[in-house]
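*Asks:* Got a structure here, written out as structure tokens. Questions coming.
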Amino acid sequence: MLAYSLRRLLIAIPTILLLIVACFFLMHVAPGGPFTSERPLPPQVLANIEARYGLDQPLWKQLWDYLYNIVVHFDFGPSFKFKDRDVNDIIAQGFPISLTYGSLSFLVATAVGVSLGIAAAIKHNSWIDYFAVGLGIAAQALPNFIMGPILILTFTLWLGWLPGGGWNGGQWQYLVMPVIALATSYMGSIARITRSSMLEVLNSNFIRTARAKGLPTRTVIWRHALKPTLLPVVSYLGPVFVYVLTGSVFVDIYFSTGGLGQAYVGSALSRDYAVLLGVTILYGALTVVVNLLTDLAYAWFDPKIRY
Amino acid sequence: MLGKSQKAAHLAEEITDYTVIQGRSLWQDARMRFVRNKAAMASVFVLGLIVLFTIIGPYFAAWSNEEIDWNVMGDVRGMGMPSIETGHYFGVDDLGRDLYSRVIQATTTSLLVGLIGAATALIVGTCYGIAAGYIGGRTDNAMMRFVDILLAIPATLIIILLLVVAGRSFFMLFIALGAVGWLTMARIVRGQTLTLKNREFIEAARAAGVSEFTIMYRHILPNLLGVVIVYASLLVPEMILTESFISFLGLGISEPYTSLGRLIAEGAGTMGYGTLWQLLYPLTFYVAIIITMFFIGDGLRDALDPKDR
Chain Z
315 MLAYSLRRLL IAIPTILLLI VACFFLMHVA PGGPFTSERP LPPQVLANIE
365 ARYGLDQPLW KQLWDYLYNI VVHFDFGPSF KFKDRDVNDI IAQGFPISLT
415 YGSLSFLVAT AVGVSLGIAA AIKHNSWIDY FAVGLGIAAQ ALPNFIMGPI
465 LILTFTLWLG WLPGGGWNGG QWQYLVMPVI ALATSYMGSI ARITRSSMLE
515 VLNSNFIRTA RAKGLPTRTV IWRHALKPTL LPVVSYLGPV FVYVLTGSVF
565 VDIYFSTGGL GQAYVGSALS RDYAVLLGVT ILYGALTVVV NLLTDLAYAW
615 FDPKIRY
Chain X
138 MLGKSQKAAH LAEEITDYTV IQGRSLWQDA RMRFVRNKAA MASVFVLGLI
188 VLFTIIGPYF AAWSNEEIDW NVMGDVRGMG MPSIETGHYF GVDDLGRDLY
238 SRVIQATTTS LLVGLIGAAT ALIVGTCYGI AAGYIGGRTD NAMMRFVDIL
288 LAIPATLIII LLLVVAGRSF FMLFIALGAV GWLTMARIVR GQTLTLKNRE
338 FIEAARAAGV SEFTIMYRHI LPNLLGVVIV YASLLVPEMI LTESFISFLG
388 LGISEPYTSL GRLIAEGAGT MGYGTLWQLL YPLTFYVAII ITMFFIGDGL
438 RDALDPKDR
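Protein chains in written order, with our numbering: chain Z, 315 to 621; chain X, 138 to 446.
Structure, rendered in structure tokens:
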């Protein structure tokens with residue numbers, strides 16, 4: 315187990331480094347930059363600005379400095395667009411917000427999805443089952459950017475219960491709609507995966523044995539069926555976390571929560587490569603770490619897996 | 138005489154009167170299972186109607202998608218609602234353009250994006266996966282490590298990155314969608330190839346002197362087809378979803394082209410003014426397409442891969 319963890323970690327590190335290098339080059343082959351505007355700057359001014367951001371150095375030198383600063387100082391450099399802020403400031407301001415409602419919707423999607431799936435499987439072919447399956451399919455067809463307008467229409471415009479956007483320090487009224495919008499479609503897929511996995515487990519021999527020796531249904535399900543049921547669900551949680559991260563881009567824009575997504579799309583539109591690069595690397599690194607954790611959790615969950 | 142009795146003749150008839158039990162091929166079996174799946178068949182029907190609508194719908198349009206109805210533009214809320222008299226069957230959008238034509242255009246775009254994106258992913262992913270799995274060894278290792286690294290970056294971010302770097306256009310959108318879609322496909326195909334390549338019939342082909350390329354093309358590819366088709370059919374709605382997401386953010390297709398995601402974004406932006414039809418028409422089409430695609434994909438999976446149940 316320890317050796318496996320170490321080996322996985324050793325693969326994760328070069329992956330992140332390669333990710334940084336790839337994104338860096340992709341940005342630098344792009345035509346146009348943050349300083350190209352309709353009114354061309356005088357060449358001397360442009361040269362001065364480029365020197366200020368180190369853009370006049372040869373490419374390998376720029377890459378080296380960039381990597382060095384990230385690895386040693388954890389510094390993503392200055393923003394090209396905002397003169398007085400660097401990328402770290404922007405991330406430090408937006409990321410906690412995105413993380414707050416992101417992890418909340420992750421929890422909601424997992425908890426609701428798993429319970430719905432288990433309930434449907436236990437009461438197979440009853441109205442609970444049909445209800446859960448219908449809900450799961452409907453939820454899957456309603457991704458965050460569809461749920462957003464529907465929620466605002468219902469709760470803000472018609473019912474007037476919840477504020478239509480903003481953050482306000484994370485008060486619960488401001489959290490409800492972003493979390494639901496983000497969680498719905500993943501809740502649907504988690505419910506469907508849990509249900510089919512639970513059905514398969516309930517039909518297997520060891521459950522029949524447990525039933526045959528007279529264990530109460532409750533014990534059979536909680537003690538014996540739950541763990542193998544959750545295996546495929548756990549492996550799906552890694553991708554869900556990534557989807558939640560990218561989905562937060564939408565939520566930040568639509569609900570004006572002030573998270574990282576606003577900075578990301580803003581920088582994409584204004585070609586602020588420094589911010590774009592920083593956020594992509596942050597999300598990419600997070601993804602690698604989460605995938606690592608998922609694999610480790612999987613190894614811990616499933617005693618059959620040997621390394 | 139022997140065997141001339143009525144009973145014997147009857148018996149002989151009964152014994153010789155047998156029809157050969159017709160074997161069913163994998164594909165006939167799959168087709169039967171698919172046709173029996175009610176949800177999938179209904180979805181095919183609905184999707185067919187939508188496609189038909191995008192084809193013959195334009196002939197009934199009174200306005201093109203770029204014309205601005207100046208009479209209505211000043212008072213979209215009061216005069217731009219869906220009506221037969223003005224020729225705006227679905228109403229007009231915020232700028233006074235006919236929503237009926239725009240919805241048709243957007244639906245076409247979204248369907249095309251889904252199909253072409255999935256087709257790109259399918260071709261690239263299958264070739265890559267077969268090559269990696271069949272060649273094996275160190276090449277396989279290097280190729281799959283590369284896929285792993287690309288898979289580590291959130292797909293939507295890659296697409297946004299590509300669109301920003303290379304400029305927003307139809308062509309680039311297809312490339313970007315294909316660029317992220319093929320990764321999982323390559324993994325699946327490689328896994329299947331690995332199990333196939335050690336089977337006896339491949340060995341037999343090799344012993345008979347068939348070239349490596351022909352083995353991949355003639356013997357491995359057809360056996361992969363089931364899995365590949367199932368995954369591709371699930372990929373189509375995913376592509377449409379991703380494209381709509383990006384268009385919603387304003388980073389996808391740009392005017393005068395439009396897609397359902399873009400129309401939903403516009404409708405969502407103006408719903409506060411009481412012009413709800415601008416949101417509901419594109420939304421209905423969108424949800425209908427996604428749900429039918431899901432059901433068709435599920436039906437195909439049940440039909441082609443019955444083990445998976």
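Glycine residues also receive a C-beta, built at the ideal position from the N, C-alpha and C atoms.
Counting only Cβ-Cβ distances shorter than 9 Å, please list the residues of the region 289 to 303 of chain X near chain Z, keeping chain order.
*Replies:* Listed by position along the chain: 289, 290, 291, 292, 293, 294, 295, 297, 298, 299, 300, 301, 302, 303.
*Asks:* Any C-beta of chain X sitting closer than 8 Å to the C-beta of residue 450 of chain Z?
*Replies:* For the purposes of this step, residue 450 of chain Z is taken as the residue at position 136 of the first sequence. Taking Cβ atoms only, chain X never reaches closer than 8 Å to residue 450 of chain Z, which makes this a no.
*Asks:* What's the gap between the Cα of residue 304 of chain X and the Cα of residue 310 of chain X?
*Replies:* Locating residue 304 of chain X in the second sequence gives position 167, where the first residue counts as 1. Locating residue 310 of chain X in the second sequence gives position 173, where the first residue counts as 1. Those two C-alpha atoms are separated by around 9 Å.
*Asks:* What residues of chain Z sit near residue 409 of chain X, judged by a beta carbon separation below 7 Å?
*Replies:* In the second sequence, counting from the first residue as 1, residue 409 of chain X sits at position 272. The contacting residues are 471.
*Asks:* Taking the beta carbon of residue 605 of chain Z as the centre, do at least 16 other beta carbons fall within 10 Å, making it buried, or is it exposed?
*Replies:* If you number the first sequence from 1, residue 605 of chain Z lands on position 291. Its Cβ being crowded by 16 or more others within 10 Å, residue 605 of chain Z is buried.
*Asks:* Counting only the same chain and skipping the five closest in sequence on each side, list residues whose C-beta sits under 7 Å from that of residue 493 of chain Z.
*Replies:* Counting from one through the first sequence, the residue named residue 493 of chain Z turns up at place 179. 415, 418, 419, 422, listed in sequence order.
*Asks:* Hey, is residue 439 of chain Z's beta-carbon within less than 8 Å of any beta-carbon in chain X?
*Replies:* One-based indexing of the first sequence puts residue 439 of chain Z at position 125. No, its Cβ sits nowhere closer than 8 Å to a Cβ of chain X.
*Asks:* Compute the distance between the beta-carbons of residue 393 of chain Z and residue 480 of chain Z, then report whether it is under 8 Å.
*Replies:* Translated into positions along the first sequence, residue 393 of chain Z becomes position 79. Translated into positions along the first sequence, residue 480 of chain Z becomes position 166. For residue 393 of chain Z and residue 480 of chain Z, no; Cβs fall outside 8 Å.
*Asks:* Show which residues of chain X have a CB atom less than 8 Å away from the CB atom of residue 605 of chain Z.
*Replies:* As a first step, residue 605 of chain Z is located in the first sequence; it is residue number 291 there, counting from the start. 289, listed in chain order.
*Asks:* Give the DSSP bridge partners of residue 231 of chain X, in chain order.
*Replies:* Taking the first residue of the second sequence as 1, we reach residue 231 of chain X at position 94. DSSP output for residue 231 of chain X lists no bridge partner at all.
*Asks:* Thinking just about the alpha-carbon of each residue, which of X:369, X:298, X:402 is nearest to the one in residue 595 of chain Z?
*Replies:* For the purposes of this step, residue 595 of chain Z is taken as the residue at position 281 of the first sequence. It is X:298 whose Cα lies nearest to the Cα of residue 595 of chain Z.
*Asks:* With a cut-off of 8 Å, does the C-beta of residue 249 of chain X fall near any C-beta of chain Z?
*Replies:* Within the second sequence, the letter at position 112 stands for residue 249 of chain X. Taking Cβ atoms only, chain Z never reaches closer than 8 Å to residue 249 of chain X, which makes this a no.
*Asks:* Counting only the same chain and skipping the five closest in sequence on each side, list residues whose C-beta sits under 6 Å from that of residue 397 of chain X.
*Replies:* The residue given as residue 397 of chain X occupies position 260 in the second sequence. So the list reads 243, 247, 381, 419, 423, once near-sequence residues are dropped.
*Asks:* At least one CB of chain Z closer than 8 Å to the CB of residue 312 of chain X: is that the case?
*Replies:* Residue 312 of chain X sits at position 175 when you count from the first residue of the second sequence. By this cut-off, residue 312 of chain X is not an interface position.
*Asks:* Which whole-angstrom value describes the C-beta separation of residue 289 of chain X and residue 602 of chain Z, a residue pair presumed to lie in contact below a C-beta threshold of 8 Å?
*Replies:* Counting from one through the second sequence, the residue named residue 289 of chain X turns up at place 152. Counting from one through the first sequence, the residue named residue 602 of chain Z turns up at place 288. About 5 Å; that satisfies the 8 Å criterion.
*Asks:* Closer than 7 Å between beta carbons: that is the criterion. Which residues of the region 546 to 559 of chain Z meet it against chain X?
*Replies:* So the list reads 556, 559, given in the order they occur along the chain.
*Asks:* By a C-beta neighbour count over all protein chains shown, 10 Å radius and 16 as the cutoff for buried, is residue 553 of chain Z buried or exposed?
*Replies:* Sequence index remark: in the first sequence, residue 553 of chain Z carries index 239 (1-based). Buried, since its Cβ has 16 or more Cβ neighbours within 10 Å.
*Asks:* Look at the alpha carbon of residue 412 of chain X and the alpha carbon of residue 406 of chain X, and state the distance between them as a whole number of angstroms.
*Replies:* Along the second sequence, one-based indexing puts residue 412 of chain X at 275. Along the second sequence, one-based indexing puts residue 406 of chain X at 269. Answer to the nearest angstrom: the Cα atoms are 10 Å apart.
*Asks:* I'd like to know if residue 376 of chain Z contacts chain X, where contact means its C-beta is closer than 8 Å to some C-beta of that chain.
*Replies:* Start at 1 with the first residue of the first sequence, and residue 376 of chain Z comes out as number 62. Cβ-Cβ to chain X under 8 Å: no for residue 376 of chain Z.
*Asks:* Quick one: measure Cβ to Cβ for residue 582 of chain Z and residue 590 of chain Z, integer angstroms, because I've assumed they're closer than 8 Å.
*Replies:* Reading the first sequence from its first residue, position 268 is the one you call residue 582 of chain Z. Reading the first sequence from its first residue, position 276 is the one you call residue 590 of chain Z. That pair is a contact at about 6 Å.
*Asks:* By the 10 Å Cβ neighbour count, where 16 or more other Cβ atoms means buried, how is residue 460 of chain Z classified, buried or exposed?
*Replies:* On the first sequence, residue 460 of chain Z is found 146 positions in, with the first residue counted as 1. Buried: at least 16 other Cβ atoms inside 10 Å.
*Asks:* Roughly how many angstroms separate the alpha carbons of residue 277 of chain X and residue 431 of chain Z, rounded to a whole number?
*Replies:* Against the second sequence, residue 277 of chain X aligns to sequence position 140. Against the first sequence, residue 431 of chain Z aligns to sequence position 117. Computed Cα separation, rounded: 38 Å.
*Asks:* Touching or not, the region 495 to 507 of chain Z and the region 520 to 533 of chain Z, by the rule of three or more beta carbon pairs under 8 Å?
*Replies:* They do not touch, by the three-pair rule.
*Asks:* Could you tell me the alpha carbon to alpha carbon distance between residue 180 of chain X and residue 435 of chain X, rounded to whole angstroms?
*Replies:* By 1-based counting over the second sequence, the position of residue 180 of chain X is 43. By 1-based counting over the second sequence, the position of residue 435 of chain X is 298. Spanning the two alpha carbons is a distance of roughly 11 Å.
*Asks:* For residue 245 of chain X, which option in X:284, X:270, X:193 has the closest C-alpha, if you only look at C-alpha atoms?
*Replies:* On the second sequence, residue 245 of chain X is found 108 positions in, with the first residue counted as 1. For the residues X:284, X:270, X:193, the minimum Cα distance to residue 245 of chain X belongs to X:193.
*Asks:* Per DSSP, what kind of secondary structure is residue 374 of chain X in: helix, strand or coil?
*Replies:* Taking the second sequence and counting its residues from 1, one reaches residue 374 of chain X at position 237. Helix at residue 374 of chain X.
*Asks:* Decide if residue 329 of chain X is buried, meaning its Cβ has at least 16 other Cβ atoms within 10 Å, or exposed.
*Replies:* Residue mapping note: residue 329 of chain X aligns to position 192 of the second sequence, counting from 1. The residue is buried, with at least 16 neighbouring Cβ atoms inside 10 Å.
*Asks:* Quick check: what's the CA-CA separation for residue 201 of chain X versus residue 323 of chain X?
*Replies:* Translated into positions along the second sequence, residue 201 of chain X becomes position 64. Translated into positions along the second sequence, residue 323 of chain X becomes position 186. Taking the straight line from one Cα to the other gives about 42 Å.
*Asks:* List, in order along the chain, the chain Z residues whose C-beta lies closer than 9 Å to that of residue 381 of chain X?
*Replies:* As a working mapping, residue 381 of chain X is identified with position 244 in the second sequence. Simply 457, 459, 460.
*Asks:* At a CB-CB cut-off below 7 Å, which residues of chain X make contact with residue 577 of chain Z?
*Replies:* Residue mapping note: residue 577 of chain Z aligns to position 263 of the first sequence, counting from 1. Near residue 577 of chain Z there are no residues of chain X at all, since even the closest Cβ is about 13 Å away, more than 7 Å.
*Asks:* Kindly indicate which residue of Z:555, Z:490, Z:561, Z:565 has the alpha-carbon position closest to the one of residue 607 of chain Z.
*Replies:* Here residue 607 of chain Z is taken as the residue at index 293 of the first sequence, counted from 1. Out of Z:555, Z:490, Z:561, Z:565, Z:555 has the C-alpha closest to the C-alpha of residue 607 of chain Z.
*Asks:* Could you say if the region 378 to 387 of chain Z and the region 328 to 345 of chain Z meet the contact criterion of at least three C-beta pairs nearer than 8 Å?
*Replies:* Contact between the region 378 to 387 of chain Z and the region 328 to 345 of chain Z is present, because at least three Cβ pairs lie under 8 Å.
*Asks:* For the region 386 to 408 of chain X, which residues have a beta carbon sitting closer than 8 Å to at least one beta carbon of chain Z?
*Replies:* The residues in question are 386, 387, 388, 398, 401, 402, 404, 405, 408.
*Asks:* Entirely within the region 373 to 415 of chain Z and at least 4 residues each: give me those alpha helix (DSSP H) ranges in chain order.
*Replies:* Segments of the alpha helix (DSSP H) lying fully in the region 373 to 415 of chain Z: 373 to 382.
*Asks:* If we define contact as Cβ-Cβ less than 8 Å, is residue 401 of chain Z a contact residue for chain X?
*Replies:* Mapped onto the first sequence, residue 401 of chain Z falls at position 87. No, no contact with chain X.
*Asks:* Can you tell me whether residue 163 of chain X is buried or exposed, with buried defined as 16 or more other CB within 10 angstroms of its CB?
*Replies:* Stepping through the second sequence from its first residue, residue 163 of chain X is reached at position 26. So residue 163 of chain X counts as exposed.
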